[in-house]
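K.L.:
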Amino acid sequence: MLESDADWSSLAKTLDISDESGLLQSLLATFRTVGAKAYVYEPGYIDRDFSAAFSAFYSTLFRPYLKYC
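First residue of the sequence shown? That's 13 in this note's numbering, and the numbers climb one at a time after it.
(1) By Cβ distance below 7 Å, which residues in the same chain neighbour tyrosine 53 in space, the five residues on each side in sequence not counted?
(2) Assuming alanine 50 and leucine 14 form a contact by the criterion Cβ under 8 Å, report the distance between their Cβ atoms to the nearest whole angstrom.
(3) Here's a check: name, in chain order, each residue in its chain whose Cβ is nearer than 6 Å to the Cβ of isoleucine 29, leaving out the five neighbours to either side.
(4) From what residue to what residue does the alpha helix (DSSP H) around serine 21 run?
(5) If contacts are defined as beta-carbon pairs under 8 Å, then leucine 40 and alanine 18 qualify, I think. What distance do you get, rounded to the angstrom?
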């Protein structure tokens, strides 16, 4: 639940907001402004369908890409 400043700080820490673009910071600020009360955190995983689409496209490129959702 996101009920206090400590809850929002904990979420920011969980998401490791250190991106240079400020995208996550901006999203969190927006969610807080509109009154978000909860969130669902899903750690990275490899989805079978995504993996098939990934292989079909990205395997043909020279630069390696991560296949985590």
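Virtual Cβ for every residue (Gly too), placed ideally from N, Cα, C.
This one's a predicted model, so the numbers in the text were calculated from it and none came from an experiment.
P.N.:
According to the structure data:
(1) Thr26
(2) 6 Å
(3) Leu36 and Gln37
(4) 17-27
(5) Contact doesn't hold; Cβ gap of about 14 Å is too wide.
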